[in-house]
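These notes are about the structure you will find just below.
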Amino acid sequence: MGAISTLAVMILILFQILKEGLPVLHLRFFLESPKSMGREGGIFSTIIGTMALTGVAILFGAPLGVGTAVFLREYTRESKISRIIRFGTDCLAGVPSIIFGLFGFVFFVIKLNMGWSILSGGLTLAAMILPTVISTAEESIKAVPSSYREVSYSLGGTKWQTVTRVVLPSALPGIFTGILLSVGRSIGETAAVILTAGSSLVMPTSLFSPIRTMSVHFYILAREGISMEMAYGTGATLILLVLIINVIAQWLIDRYIRHRT
Amino acid sequence: MSQGNKIVIKDFSFYYDSFQALQNIDLDIRSKGIFTVFGPARSGKTTLLKSLNRLTDLIFGASHTGAIFLDGTDIYDPKMDLTHLRKRIGMVFDLPTPLPISIFDNVAYGPKLSGNTKKCLNEIVEKALKSAVLWEEVKDRLHTSALRLSGGQQQRLCIARVLALEPEVLLLDEPCSGLDPISTASIEETLFQLKKDYTIILVPHNIQQASRVADRVGFFLNGDLVEEGPVYQIFTKPKDKRTEDYVTGRFG
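What follows is the structure, encoded as structure tokens:
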């Protein structure tokens with residue numbers, strides 16, 4: 006019953022957005038920049054903005070998160086420090102995104118004087134996805150059989166060699182899944198992004214340019230009543246993008262796992 | 016230290032926190048041949064093996080007293096290079112533990128760590144697989160996953176993986192425990208080939224295996240080395256009552 010209703014809700018949402026949004030989707034919609042506040046033209050600059058922002062978020066968030074997980078699992082035993090770090094990430098996971106936005110605004114935008122920019126927004130999102138990356142990476146590192154480590158050490162491997170050549174490759178599918186979840190969250194995030202990356206429709210030229218992401222575009226179009234038609238088009242594009250990323254990622258993970266077994 | 020002793024263990028005790036797993040062991044292991052360590056479960060056999068290549072370092076709360084010498088060098092010397100030690104003393108575990116990578120990469124794992132070139136690796140891998148009597152079975156599928164091999168093949172792969180490092184001592188902890196008699200026979204055959212060149216220390220999975228393959232044996236009970244000597248003497252004329260009771264099956 007629960008499964009069916011979940012499925013029903015999902016289909017309903019998808020159906021609604023795709024029904025309204027798909028007729029708008031033409032090649033020109035993807036490849037043209039918005040005109041007159043988004044009432045006309047396409048959404049090209051917001052697609053670029055979304056990808057740049059998510060890219061920066063993953064670029065900073067993923068290595069930091071995986072590094073933390075490796076540290077917690079491989080380089081420390083259960084101790085005060087590891088408990089404090091874990092408690093910190095758990096707290097971070099419960100913080101609403103608007104608070105991250107506020108933090109990013111005060112710290113990156115104003116204090117570090119980065120302004121509304123891809124960098125400010127990306128770093129804010131990196132902080133936001135950190136708990137997800139850390140906990141999924143930690144879980145999958147924990148799941149690597151200890152016999153693998155023992156084998157590596159017994160063959161003369163150092164700790165670093167054991168982590169990079171045995172532990173991380175075995176944990177990779179799980180880590181990748183965590184990063185994928187984070188990509189989804191970054192793409193969909195609105196509140197934190199408006200406060201840190203701005204809502205400029207101008208094509209970005211550098212990491213310090215302000216941008217507007219698709220979700221922010223969608224929010225402004227709908228909220229300001231600029232164009233529901235364009236809003237649905239943006240929403241449909243967003244859904245399709247996430248879908249494509251997930252399908253490709255799943256395919257890559259399957260291929261990787263099949264290669265190893 | 017007399018000539019021909021590869022490993023000399025002197026008054027060695029080992030503790031897991033407060034539990035004493037090995038009690039004042041004194042044991043000389045000669046160069047080449049198969050030394051077999053046997054005894055009931057929890058008598059300290061695995062601990063002894065893992066102490067020899069310091070895999071016990073990974074266990075939290077473990078400590079030891081006494082000393083172990085490899086060719087006269089104290090392996091617990093703080094200046095000891097662990098990587099080098101573990102390359103000289105290879106270990107095969109009780110269950111086959113292939114890494115989830117190809118057959119080739121499994122065997123090449125150790126040599127790669129010390130930076131062998133690709134060209135060398137091909138030779139090393141072939142030689143190691145031949146020594147472990149596995150080459151003929153896998154030579155056409157070196158790049159398929161090692162997890163697809165049968166249990167016996169996997170265990171011989173693990174032996175090949177250790178041999179690829181050209182160690183001096185081989186530690187084998189019940190290498191046949193999960194295997195059928197045919198696979199066991201082929202591993203024992205491999206051991207007979209290897210004992211000419213290597214010092215092998217084996218924990219057999221039963222007494223029969225000890226009597227089949229060993230040159231010398233040591234009987235362990237509750238962390239004590241009860242007695243040690245040539246295989247025929249221990250199995251036919253043991254000096255200690257406990258050894259006799261164990262080999263004749265009065266307890267076990």
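Those protein sequences? They're chains E and D, same order as listed.
Residue numbering for the first sequence follows the working numbering, beginning at 6 and increasing consecutively.
Residue numbering for the second sequence follows the working numbering, beginning at 16 and increasing consecutively.
Cβ coordinates follow ideal geometry from the N, Cα and C atoms, glycine included.
In this structure, the CA atom of residue 212 (chain E) is about 24 angstroms from the CA atom of residue 186 (chain E).
Per DSSP, the continuous alpha helix (DSSP H) segment holding residue 153 (chain D) begins and ends at 150-153. The beta-carbon of residue 115 (chain D) is placed less than 9 angstroms from the nearest beta-carbon of chain E. Around the beta carbon of residue 171 (chain E), 16 or more other beta carbons lie within 10 angstroms, which makes this residue buried. Here the alpha carbons of residue 193 (chain E) and residue 122 (chain E) stand approximately 17 angstroms from one another. Residue contact with chain D for residue 163 (chain E): present (Cβ-Cβ distance below 9 angstroms to some residue of chain D). Boundaries of the beta strand (DSSP E) harbouring residue 39 (chain D): 34-45, taken from the DSSP string. Along the region 169-190 of chain E, the positions whose C-beta sits under 7 angstroms from a C-beta of chain D are 171 and 175, read in chain order.
Between residue 163 (chain D) and chain E, the shortest Cβ-Cβ separation is below 9 angstroms. Boundaries for residue 124 (chain D): no beta strand (DSSP E) harbours it, while the alpha helix (DSSP H) harbouring it runs 118-128, taken from the DSSP string. When secondary structure is reduced to three states using DSSP, residue 137 (chain D) falls in the helix class. Counting along the chain, residue 131 (chain D) sits inside no alpha helix (DSSP H), nor does DSSP assign it H or E at all. Using a Cβ-Cβ distance cut-off of 8 angstroms, the region 39-57 of chain D and the region 104-121 of chain D are not in contact, since fewer than three pairs of beta carbons, one from each stretch, lie closer than that value.
The beta-carbon distance between residue 197 (chain E) and residue 105 (chain E), rounded to whole angstroms, is 5 angstroms. This is short enough to meet the 8 angstroms contact definition.
Looking at the DSSP output, residue 75 (chain E) shares a beta bridge with no other residue.
Residue 146 (chain D) carries a helical assignment under DSSP once its states are collapsed to helix, strand and coil. Going by DSSP, residue 203 (chain E) is part of no beta strand (DSSP E) at all; its letter is neither H nor E. In this structure, the CA atom of residue 139 (chain D) is about 15 angstroms from the CA atom of residue 160 (chain E).
A straight line joining the alpha-carbon of residue 69 (chain E) with that of residue 127 (chain E) spans about 14 angstroms.
Linking residue 209 (chain D) to residue 84 (chain E) through their CA atoms gives a straight-line distance of about 45 angstroms. Residue 75 (chain D) has a beta carbon lying within less than 9 angstroms of a beta carbon in chain E. By the criterion of a C-beta distance shorter than 8 angstroms, residue 75 (chain D) is surrounded by no residue of its chain, once the five residues flanking it on both sides are discounted. Contact check for residue 110 (chain D) against residue 216 (chain D) fails: the beta carbons are separated by 9 angstroms or more. The alpha helix (DSSP H) runs lying completely inside the region 171-212 of chain D and spanning 4 residues or more are 196-209, given in chain order.
In terms of Cα proximity to residue 147 (chain E), the closest of E:103, E:96, E:31 and E:82 is E:82. Per DSSP, the continuous beta strand (DSSP E) segment holding residue 30 (chain D) begins and ends at 20-31. The beta carbon of residue 91 (chain D) lies closer than 8 angstroms to those of 69, 79, 82 and 83 in the same chain, with the five residues before and after it left out.
Taking 9 angstroms as the cut-off, the beta carbon of residue 234 (chain D) is found closer than this to the beta carbon of residue 241 (chain D). C-alpha of residue 173 (chain D) to C-alpha of residue 259 (chain D): approximately 34 angstroms in a straight line. For the options E:86, E:109, E:139 and E:174, the alpha carbon positioned closest to that of residue 184 (chain E) is the one of E:139.
Below 8 angstroms, too few C-beta pairs join the region 181-198 of chain D and the region 152-161 of chain D to call them touching: fewer than three.
With a cutoff of 9 angstroms on beta-carbon distance, residue 162 (chain D) and residue 266 (chain E) are scored as near each other.
If you draw a 10 Å sphere on the C-beta of residue 182 (chain D), you find 16 or more other C-beta atoms in it, and that means buried. Counting the other Cβ atoms within 10 Å of the Cβ of residue 143 (chain E) gives 16 or more, which makes it buried. Between residue 188 (chain E) and residue 22 (chain E) a beta carbon distance of about 20 angstroms is seen, past the 8 angstroms cut, so the two are scored as non-contacting.
Our two residues, residue 60 (chain D) and residue 29 (chain D), have alpha carbons roughly 12 angstroms apart in a direct line.
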